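Just so we're aligned, residue 780 is where the sequence shown starts under this note's numbering, counting upward by one. Just so you know, even glycine gets a beta-carbon here, dropped at the ideal spot from N, CA and C. Being a predicted model, the structure only gives us computed values, none of them experimental. What follows is a single structure, written as structure tokens, with notes after it.
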Amino acid sequence: MHGRRHTTLSVVGNSSNCLHNCDCNAGTCTRTFACSFEERPSGLVLDIKQGISLYDIPTKSYVWQYRFRDLHSSSDDGKVRVQLVFRDERSLDPGKLEVKDIECDEVLAVVFNIHSFLVTKIVAADPDFLKLNPLL
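What follows is the structure, encoded as structure tokens:
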């Protein structure tokens, strides 16, 4: 039991450090994570202006790109898999959800950075948001 508690506290500490780092990184506008998409080496790119996109390394081209506002939900297994679900209102079928399954070694960093970028976008649009909705 004690070992689990130590592990949990360790994960919380690492998560806290990661969250602080991604808050700082969100201000730098772009963050890229090495990953795999459909078994191909890729880069998951978070950009404060462009949104979330996936760069395919073998073809040297972007496979898909969504705005942050298109992110409907996300989930992860805490190890290597992140699932991003998008609803693109600009598509021919705006009600359709598009699921993107991504594998990467930095799952927690990816998730925390996505959340950090989202908070940055919200605060930029509504500076009083955090005053009305404190995080803690």
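Next item on the list: Select from Glu885, His851, Asp872 and Pro873 the residue whose C-alpha is nearest the C-alpha of lysine 879.
Entry: Translated into positions along the sequence shown, residue 879 becomes position 100. Nearest of Glu885, His851, Asp872 and Pro873 to lysine 879, Cα basis: His851.
Margin query: Between the alpha carbons of glutamine 862 and lysine 839, how many angstroms are there, rounded?
Written below: Stepping through the sequence shown from its first residue, residue 862 is reached at position 83. Stepping through the sequence shown from its first residue, residue 839 is reached at position 60. Going by the C-alpha atoms only, they are around 23 Å apart.
Item checked: Span of the beta strand (DSSP E) around threonine 838 -> The count along the sequence shown starts at 1 and reaches residue 838 at position 59. It is not in any beta strand (DSSP E) - threonine 838 carries neither H nor E in the DSSP assignment.
Notebook entry, point to check: How many angstroms separate the CA atom of glycine 874 from the CA atom of phenylalanine 865?
Noted result: Within the sequence shown, numbered from 1, the residue matching residue 874 stands at position 95. Within the sequence shown, numbered from 1, the residue matching residue 865 stands at position 86. Cα to Cα, the separation comes out at about 10 Å.
Next item on the list: Could you have a look at isoleucine 827 and say whether DSSP puts it in helix, strand or coil?
Entry: Translated into the one-based positions of the sequence shown, residue 827 becomes position 48. Note: isoleucine 827 maps to coil in three-state DSSP.
Next item on the list: Please go through the same chain and pick out, in chain order, the residues whose beta-carbon is closer than 6 Å to the beta-carbon of lysine 900, but skip the five residues on each side of it.
Entry: The count along the sequence shown starts at 1 and reaches residue 900 at position 121. Correct list, in chain order: Phe847.
Notebook entry, point to check: Taking glutamine 844 as the reference, which of Ser854, Ser832 and Asp905 has the closest Cα?
Noted result: Numbered from its first residue, the sequence shown carries residue 844 at position 65. With distances taken between Cα atoms, glutamine 844 lies closest to Ser832.
Next item on the list: Take leucine 876 as the anchor and find which of Asn892, Ile893, Asp849 and Pro820 has the nearest alpha-carbon.
Entry: Counting from 1 along the sequence shown, the entry for residue 876 is found at position 97. Ranking Asn892, Ile893, Asp849 and Pro820 by Cα distance to leucine 876 puts Asp849 first.
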